[in-house]
Each structure stands twice: as structure tokens, then as C-alpha cells.
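Each residue of the sequence shown is one higher than the one before, starting from 336 at the first, in this note's numbering. Data block below; observations after.
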Amino acid sequence: MSLSFYDASVPALRRGLLVLDNLLAKAEAHVAETGIDPATLLNARIAPDMHPLTRQVQMVSDNAKGAVARLAGIVPPAMADEEQSLGELRQRIARTIAFLDTVQPADISDDAGRTIVLKLPSGEVPFTAQTYLLGFALPNFYFHLTTAYDLLRQQGLAIGKRDFIGQLG
336 MSLSFYDASV PALRRGLLVL DNLLAKAEAH VAETGIDPAT LLNARIAPDM HPLTRQVQMV
396 SDNAKGAVAR LAGIVPPAMA DEEQSLGELR QRIARTIAFL DTVQPADISD DAGRTIVLKL
456 PSGEVPFTAQ TYLLGFALPN FYFHLTTAYD LLRQQGLAIG KRDFIGQLG
């Protein structure tokens, strides 16, 4: 069985974004049912030196669109980090999914040894495409997705593993 870079990235990232959208929909329902201030959820942190929920969601989006864009050799859409509500975060997820949907399997090379350069404030980090996807992009995406899930769970949402795993099959 061969697995293309497209198949190893776009469907998994898209599915994770749909899971996050479902979690945020449950957060909206939780706010409506309990009367909790949405800012309590949006600003929740696991630890003082970690980003709050809002930034975790933005980073899930950034990681998904950035990974796919780097793999396809295109520029990802710019999204200002200005979301102030659960609804606005869900709109950002929808825009990210819409971008992923524009990328086709033929747009992503299966050359595992090609160079992908990650540009960080501290400098550039070169990866092979395989190391970038499997050793950085996917783990980083799931780190922020898991952290968003954990923050919502910590704040009392009735969510569980099935909500994180998503629809089976």
C-alpha cells in the first residue's frame, strides 16, 4: 500500500478541524445552557505560560493551512488573529477547511526527500518533506487540537474521547 503526502495530510487535518468545530459548537451550547461567560472559555489556560483557548484554535488553523501550503508549495491564506467569540473561531475553522478543499492530490508532491523550509522568528528550519509532515506538522497540529479539547473539558464541557476521535468510518 502506498500513501501519498496528500492522503497523509489533507484528510487528517480536515477531520481534525471538523472535530474542533464540533467541540466549539458544544462550547456554544454549554454557554447557552449554563449562562457561563464565553470569555471564561476563550481565556482558559491549562498553565499560566500556555496560550488560552482562542490562541489554541488559531494555531490549529494556522498549522493546518500552513502545513498544506508548504507541502503544495503555495502561500496559505492570511488570517488575522482577531477572533473574539466562539462563533468567530468557528468561522475561521470554516475558512481553513475551505482552503484545504482547494488543494488537490496532484498539487502535493510525493517526493519525501524534497526540502521544506519552516520560517520562524528565530530563523529558518529546513526539513525533508517526510520529516516535516510526520515529525513536525502533524504532531504540532494535534498538540494544539488536544490542548483545545483539554481546555474545554477542564471548563466543564460534557465531552469525551468520542468527541475528539470524531465520526468513525
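Even for Gly, the Cβ is constructed at its ideal location relative to N, Cα and C. In this text, all values refer to a predicted model and were calculated from it rather than measured experimentally.
Residue i to residue j span [Cα, whole Å]
i           : j           : result
residue 397 : residue 377 : 17 angstroms
residue 445 : residue 387 : 36 angstroms
residue 374 : residue 366 : 10 angstroms
residue 341 : residue 494 : 30 angstroms
residue 443 : residue 406 : 6 angstroms
residue 447 : residue 372 : 47 angstroms
residue 383 : residue 343 : 34 angstroms
residue 404 : residue 413 : 11 angstroms
residue 473 : residue 370 : 35 angstroms
residue 368 : residue 408 : 45 angstroms
residue 411 : residue 426 : 17 angstroms
residue 385 : residue 337 : 38 angstroms
residue 440 : residue 503 : 23 angstroms
residue 461 : residue 363 : 40 angstroms
residue 470 : residue 423 : 30 angstroms
residue 339 : residue 431 : 21 angstroms
residue 381 : residue 402 : 26 angstroms
residue 478 : residue 433 : 22 angstroms
residue 497 : residue 456 : 37 angstroms
Strand pairing of residue i, partner residues [DSSP]
i           : result
residue 410 : Per DSSP, none; premise fails for residue 410.
residue 515 : Residue 515 is absent from the structure shown; the chain starts at 336 and stops at 504.
residue 458 : 455
Supposed contact pair residue j and residue i - C-beta distance, whole angstroms, cut 8 angstroms
i           : j           : result
residue 391 : residue 482 : 5 angstroms
residue 476 : residue 358 : Rounded, the Cβ-Cβ distance is 15 angstroms, inconsistent with contact.
residue 449 : residue 463 : 7 angstroms
residue 492 : residue 361 : 6 angstroms
residue 453 : residue 459 : 7 angstroms
residue 345 : residue 435 : 6 angstroms
Cβ-heavy atom distance, residue i to the ligand ZN, below 8 angstroms
i           : result
residue 491 : Judged by which ligands are present, the structure shown has none, so any question about the ligand ZN falls away.
Assigned exposure category for residue i - 16 Cβ within 10 Å defines buried
i           : result
residue 418 : buried
residue 394 : buried
residue 354 : buried
residue 331 : This structure cannot speak to residue 331, because the chain is shown only from 336 to 504.
residue 415 : exposed
residue 421 : buried
Own chain, CB closer than 7 angstroms to residue i, minus 5 neighbours either side, in chain order
i           : result
residue 428 : 352, 355, 356, 396
residue 379 : 387, 388, 486, 489, 490
residue 499 : 354, 484
residue 350 : 501
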